[in-house]
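Shown next, in structure tokens, is the structure this report addresses.
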Amino acid sequence: MSATRHDWRALAPCLAQSRPVLVYDHRGIGDSTYSSTDEITMESLARDLLLLIVHLGWPEVAICGWSMGGVVVQQMLVLPFNTPHPTPLPFRVTHVILVGTRSTVLRNPQHGLQIRPTNVPRTPAERKALIRLTLQATFDPSWLHENSARFDKILHETVHGRCETTYLFCGEGLTLQLQAFEFADLLPNLSSRNTKVLIIHGSQDQVIPFRCAQEMLQRIPGAHFVEAGNKPGQVPHLAFGHQWFEYFDLGVWHNVVDMHLWK
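Okay, so the sequence shown: first residue is -10 according to the working numbering, each after it adds one.
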């Protein structure tokens, strides 16, 4: 939930060498503002994504959803199967990549980003401390120990590169709304869409438990998991954390995406 479009600043240009790439902020996060009267739920965020793609006029899209973004993507994919008011997608989703995400609500409070909601503005020091704790959770202890200089650089860029007012959803009510989603039973309907789904999840993910990947593999017809190995389209190993694209050379992830989109 802490990720903004700026967090893709390394990977997005790499992927854009081969295709147009759009990165956007969810409503109320990063550069995207929201009104206090807005109802922000996973479904409303999914409808935001639908309307954005319609506005662009793209007849076909491939979508990568990371963490909460992966939940939003799944929610959008099942909109045509919502009852009693199904919403058709006026475009074709050819490929989906779901990274470090889930299809069900995490009931155990030890999972997710441990952010205490507040409606009181934080001081700069409190904000930096919160960002540090949030970022640390997106890596595993071994990576943090071996890459302290890299972490400090990411922390600095994060603290100084984000909007003060829209860094995070901060109200407790909004946090609870975003936890209230239930679409897992609709995912088997995706078999009729012929959308190719790749799941990427590191075994050292400290935010979303690794078991969530297995749950999605069981629920989403035809979904497959990224392979470990030394061939193009594979990753060296699965021992990576939530901040997945910081673990290997960007060329590795470029190949993973390319090989999936070529299928």
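Built from N, CA and C at the ideal position, the CB exists for glycine as well.
Option nearest D14 by Cα separation, candidates V61, P2 and I120:
Looking up residue 14 in the sequence shown gives position 25. Out of V61, P2 and I120, V61 has the C-alpha closest to the C-alpha of D14.
I'd like to know whether the C-beta atoms of A212 and V246 end up nearer to each other than 8 angstroms.
Reading the sequence shown from its first residue, position 223 is the one you call residue 212. Reading the sequence shown from its first residue, position 257 is the one you call residue 246. Cβ atoms of A212 and V246: not closer than 8 angstroms.
So for T147, helix, strand or coil by DSSP?
As a position in the sequence shown, residue 147 is number 158, starting the count at 1. Looking at T147 - three-state DSSP - the assignment turns out to be helix.
Between F128 and G230, how many whole angstroms is the CB-CB distance? I'm expecting something under 8 angstroms.
Start at 1 with the first residue of the sequence shown, and residue 128 comes out as number 139. Start at 1 with the first residue of the sequence shown, and residue 230 comes out as number 241. Going by Cβ atoms, the distance from F128 to G230 rounds to 5 angstroms, so yes, they are a contact pair.
So G218 and N244 are supposed to be a Cβ contact under 8 angstroms. How far apart are they, rounded?
As a position in the sequence shown, residue 218 is number 229, starting the count at 1. As a position in the sequence shown, residue 244 is number 255, starting the count at 1. G218 to N244, Cβ: 11 angstroms. No contact.
Per-residue DSSP class, three states only, for L39
Walking along the sequence shown from the start, residue 39 turns up at place 50. In the structure shown, L39 sits in a helix (DSSP, three-state: H, G or I).
Between the CA atoms of L176 and D238 - distance to the nearest angstrom:
Position 249 of the sequence shown, counted from the first residue, corresponds to residue 238. Position 187 of the sequence shown, counted from the first residue, corresponds to residue 176. Rounded to the nearest angstrom, the two C-alpha atoms are 32 angstroms apart.
For E49, count the other beta carbons within 10 Å of its own beta carbon; 16 or more makes it buried, fewer makes it exposed. Which is it?
The residue you call residue 49 lines up with position 60 of the sequence shown. Classification of E49: exposed, given that the 10 Å Cβ count is below 16.
Rounded to the nearest angstrom, what separates L87 and T112 at their Cα positions?
As a working mapping, residue 87 is identified with position 98 in the sequence shown. As a working mapping, residue 112 is identified with position 123 in the sequence shown. When rounded, the distance between both Cα atoms is 34 angstroms.
Which value, in whole angstroms, describes the spacing of the CA atoms of D194 and Q232?
Position 205 of the sequence shown holds residue 194. Position 243 of the sequence shown holds residue 232. When rounded, the distance between both Cα atoms is 8 angstroms.
Return helix, strand or coil for E115, following the three-state DSSP convention.
One-based indexing of the sequence shown puts residue 115 at position 126. Residue state, collapsed to three classes: helix.
Here's the rule I'm using: 16 or more other beta-carbon atoms within 10 Å means buried, otherwise exposed. How should T184 be labelled?
Taking the sequence shown and counting its residues from 1, the one referred to as residue 184 is at position 195. When all chains shown are included, T184 counts as buried.
G54 - DSSP class collapsed to helix/strand/coil:
Mapped onto the sequence shown, residue 54 falls at position 65. If DSSP states are grouped into helix, strand and coil, G54 belongs with the strands.
Return helix, strand or coil for C159, following the three-state DSSP convention.
One-based indexing of the sequence shown puts residue 159 at position 170. Note on C159: pLDDT 44, under 50, position unreliable in the model; the coordinate value appears next. Here C159 sits in coil by DSSP.
Beta-carbon contacts of L4 that lie in its chain and below 7 angstroms, excluding the five residues immediately before and after:
As a position in the sequence shown, residue 4 is number 15, starting the count at 1. Around L4: V10, H243 and V246.
Taking the beta strand (DSSP E) that H84 belongs to, which residues open and close that run?
Locating residue 84 in the sequence shown gives position 95, counting from the first residue. Taken as a continuous stretch (DSSP letters only), the beta strand (DSSP E) holding H84 covers R81 to V88.
Output the boundary residues of the beta strand (DSSP E) element that contains L187.
Locating residue 187 in the sequence shown gives position 198, counting from the first residue. Looking at the DSSP string, the run of the beta strand (DSSP E) that includes L187 is K185 to I189.
By how many angstroms is the C-alpha of E171 removed from the C-alpha of L0?
Here residue 0 refers to the residue found at position 11 when the sequence shown is read from its first residue. Here residue 171 refers to the residue found at position 182 when the sequence shown is read from its first residue. So the alpha carbons of these two residues sit roughly 31 angstroms apart.
If you draw a straight line from the C-alpha of E146 to the C-alpha of S56, how long is it?
Position 157 of the sequence shown, counted from the first residue, corresponds to residue 146. Position 67 of the sequence shown, counted from the first residue, corresponds to residue 56. Going by the C-alpha atoms only, they are around 20 angstroms apart.
My guess is that L313 and I188 are in contact by the Cβ rule of under 8 angstroms, so how many angstroms apart are they, rounded?
A query on residue 313 cannot be resolved here, the shown segment of the chain reaching from -10 to 252 and no further.
Alpha carbons only, please: which of L34, T(-7) and L41 is nearest the one belonging to D20?
The count along the sequence shown starts at 1 and reaches residue 20 at position 31. It is T(-7).
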